[in-house]
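Visitor: Numbering-wise, the numbering used here comes out as the position in the sequence shown, counting from 1, plus 13. First the structure, then my questions, so here it is.
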Amino acid sequence: MGKKYLYLETYGCQMNVYDSDKVRSVLDAELTNDPGKADIVIINTCAIREKADQKAFSSLGRFKHLKVRKPNMILGVGGCVAQLYGERLLENFPHLDLVFGTRTIPLLPELISRVEREKRRRVEISFDVEEVFEFEPYHEEGRVTAFVSVQQGCNKRCSYCIVPHVRGEETNRAVGDILNETNKLVKKGVREVTLIGQTVNSWKRGEYKFGDLLKIVGEIEELLRIRFTTSYPRDFTKKLIESIRDVPQVCHHLHLPVQSGSNRVLERMGRTYTREWYIDIIKRIRDAVPDMAVTTDIIVGFPGETESDFEDTMRLLEEVGFDGTFSFKFSPRPETPAAEYYDSVSDKTAGRRLTELQEFQREITVKKNQSRVGEIEEVLIEGESKNDPNWVTGRTSHNRIVNLPGGADLRGKLARVEITEGFQNSLRGRLIENQKEVSHVS
Ligand code: SF4
């Protein structure tokens with residue numbers, strides 16, 4: 014048989030985007046946007062909230078008719094929903110051929126060929142698969158940013174979170190593997206990498222800690238920027254803060270989930286820090302890097318959250334002055350302690366709090382974005398703007414999107430841009446001068 018076609022749907026976080034790239038990389042198949050043309054259909058799922066589960070189920074349901082029309086097509090589901098429900102997915106979706114877990118992507122070619130050969134549906138969700146990190150990273154032509162996974166799984170036990178259950182214990186990738194992959198991506202034109210892990214700043218391997226890793230990756234020539242996500246507040250050390258300050262490629266943006274501004278709620282969430290501790294760590298980071306932009310995640314309506322707890326969270330928003338917030342209503346997840354808490358907050362109350370919080374954050378974000386007007390920012394140009402081929406789009410070190418007039422020749426370069434307007438989700442600017450491709454964010 015000649016070339017196979019792969020149709021891939023991805024839901025969820027950066028980790029899933031990265032995993033989907035890994036799927037593309039391990040399968041020798043051409044990507045297609047048309048499921049009707051595909052020999053293999055893979056759905057890479059997210060289970061972080063109940064809605065995400067439902068999306069995965071409805072996506073699986075959509076392929077039922079196609080599978081009837083094309084019985085030889087392989088329909089597979091991977092990611093966190095696959096890990097969570099395993100065998101049960103085969104029972105509930107008789108047209109599904111393959112369920113693979115978050116750590117079994119390297120086995121995919123073999124799994125698919127066994128399904129084809131043996132005409133038998135399969136589930137492979139073991140965590141005991143030996144890590145195979147030596148693969149050619151998938152890279153889309155022209156893309157200047159990429160994720161590099163440095164860690165899998167999580168050793169924290171936040172009471173609401175399903176991640177340790179679906180991604181297993183924390184395992185940290187070797188320095189050599191991280192460097193190899195980053196170098197390969199840089200050779201293909203990538204100029205900014207985001208090192209990803211569930212608690213990325215807890216990464217350690219042998220004598221190396223995450224701050225050392227930043228320094229080592231910072232030595233790669235032609236790599237203009239380094240980002241990392243997601244950090245865990247308690248895993249910030251003095252040495253790490255110094256590395257963030259001292260490695261010129263490290264961007265001045267930190268995503269540091271706080272989840273709640275109430276100590277009572279934080280304790281029930283099992284977050285292991287207090288509001289005061291969080292504020293102090295932000296202060297220490299800003300003492301070292303005064304212009305550090307900080308974004309966060311917040312859960313509202315956690316079981317037992319009172320109006321006063323919620324007010325604490327609202328006050329924290331103001332006190333820290335977050336540049337952006339990803340906020341969600343609490344969603345009980347199977348296999349987590351918080352799903353058993355009896356004192357749930359009504360959906361109506363949680364919804365009202367979410368709206369209030371998001372409106373308040375919007376005001377803060379707009380003010381912050383408008384305060385950039387007149388500033389000169391270094392913007393890594395990622396490519397043409399979607400709306401106008403005569404404009405390009407990129408990001409500042411603080412992770413703000415900037416649109417400006419310019420041509421495709423700017424792609425992959427750090428441009429000095431004067432900010433002329435600030436909106437809710439982006440900035441507008443004009444080019445001051447075009448820098449050489451190899452230069453560092455200062
Ligand atoms: S740190 Fe907590 S919220 Fe984050 S992945 Fe681990 S258990 Fe989940």
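For every residue, glycine included, the Cβ atom is placed at its ideal position computed from N, Cα and C. Because the structure is a prediction, the values reported are computed rather than measured.
Kindly give me the distance between the Cβ atoms of residue 317 and residue 354, rounded to whole angstroms, as I take these residues to be in contact under 8 Å.
Guide: Right, their Cβ atoms sit about 7 Å apart.
Visitor: Relative to the ligand SF4, is the shortest distance from any of its heavy atoms to the C-beta of residue 26 smaller than 6 Å?
Guide: No, the beta carbon of residue 26 sits no closer than 6 Å to any heavy atom of the ligand SF4.
Visitor: Considering only residues of the same chain and omitting the five flanking positions on each side of residue 99, which have a CB-CB separation below 7 Å?
Guide: Only 112, 136 and 138 meet the Cβ criterion.
Visitor: Under 7 Å, do residue 295 and residue 340 count as touching if we go by C-beta distance?
Guide: No.
Visitor: Let's test the definition: count the other Cβ atoms within 10 Å of the Cβ of residue 384 and tell me whether it reaches 16, buried, or not, exposed.
Guide: Per the 10 Å Cβ criterion, exposed.
Visitor: Can you tell me where the alpha helix (DSSP H) holding residue 412 begins and where it ends?
Guide: Neither: residue 412 is in no alpha helix (DSSP H) and is coded neither H nor E.
Visitor: Does the distance from the C-beta atom of residue 338 to that of residue 362 stay below 7 Å?
Guide: Going by C-beta atoms, residue 338 is not nearer than 7 Å to residue 362.
Visitor: Comparing the CB of residue 262 with every heavy atom of the ligand SF4, is any distance shorter than 6 Å?
Guide: Checking the Cβ of residue 262 against the ligand SF4 gives no.
Visitor: How far does the beta strand (DSSP E) with residue 428 in it reach, from first residue to last?
Guide: Note, residue 428: beta strand (DSSP E), 427–435.
Visitor: With DSSP run on the structure shown, which of helix, strand or coil describes residue 378?
Guide: Of the three classes helix, strand and coil, the one that applies to residue 378 here is helix, per DSSP.
Visitor: What are the complete alpha helix (DSSP H) segments, minimum 4 residues, inside the region 219–277?
Guide: The qualifying runs are 223–230 and 251–259.
Visitor: At 3 residues or longer, what runs of the beta strand (DSSP E) sit wholly inside the region 98–164?
Guide: Within the region 98–164, the complete beta strand (DSSP E) runs of at least 3 residues are 111–113, 135–137 and 158–162.
Visitor: Candidates 400, 373 and 425: which alpha carbon is nearest residue 394's?
Guide: Checking every option, the nearest Cα to that of residue 394 belongs to 425.
Visitor: Is the separation between the beta-carbon of residue 171 and that of residue 283 shorter than 7 Å?
Guide: Cβ atoms of residue 171 and residue 283: closer than 7 Å.
Visitor: According to the neighbour-count rule (16 or more other Cβ atoms, all chains shown, within 10 Å of its Cβ), is residue 254 buried or exposed?
Guide: The residue in question, residue 254, is buried, as its Cβ has 16 or more Cβ neighbours within 10 Å.
Visitor: What residue range does the beta strand (DSSP E) around residue 208 cover?
Guide: 205–209 is the span of the beta strand (DSSP E), which, as asked, contains residue 208.
Visitor: Measuring only the C-alpha atoms, how far is residue 454 from residue 106?
Guide: Bear in mind that a pLDDT of 41 at residue 454, under 50, signals an unreliable position, so the number given afterwards is only what the model happens to contain. Straight-line Cα distance between these residues: approximately 50 Å.
Visitor: Measuring CB to CB, does residue 149 end up less than 7 Å from residue 38?
Guide: In contact: residue 149 and residue 38 (Cβ atoms closer than 7 Å).
Visitor: Report the CB separation of residue 46 from residue 22 in whole angstroms; it is logged as a contact under 8 Å.
Guide: About 10 Å; that fails the 8 Å criterion.
Visitor: Taking 7 Å as the limit between beta carbons, can you name the residues of its chain near residue 348, skipping five residues before and five after?
Guide: Same-chain partners within the cutoff: 175 and 178.
Visitor: Going by DSSP in three states, residue 38 sits in which element: helix, strand or coil?
Guide: Correct three-state label for residue 38: helix.
Visitor: Nearest CA to the CA of residue 224: which residue from 300, 163 and 127?
Guide: Per the Cα distances, 163.
Visitor: Rounded to a whole number of angstroms, what is the C-alpha to C-alpha distance between residue 76 and residue 70?
Guide: Spanning the two alpha carbons is a distance of roughly 10 Å.
Visitor: Under the three-state reduction of DSSP, which class applies to residue 340: helix, strand or coil?
Guide: In this structure, residue 340 counts as strand in the three-state DSSP scheme.
Visitor: Find out if the Cβ-Cβ distance for the pair residue 208, residue 161 is shorter than 7 Å.
Guide: Yes; because the gap between Cβ atoms is below 7 Å, this pair is in contact.
Visitor: Any chance the CB of residue 217 is under 6 Å from a heavy atom of the ligand SF4?
Guide: Outside the cutoff, so no.
Visitor: Pick out whichever of 276, 350 and 169 has its Cα sitting closest to the Cα of residue 319.
Guide: Among 276, 350 and 169, the Cα nearest to that of residue 319 is on 276.
Visitor: Give me the Cα-Cα distance between residue 227 and residue 218, rounded to the nearest whole angstrom.
Guide: Distance between the alpha carbons of residue 227 and residue 218 is about 13 Å.
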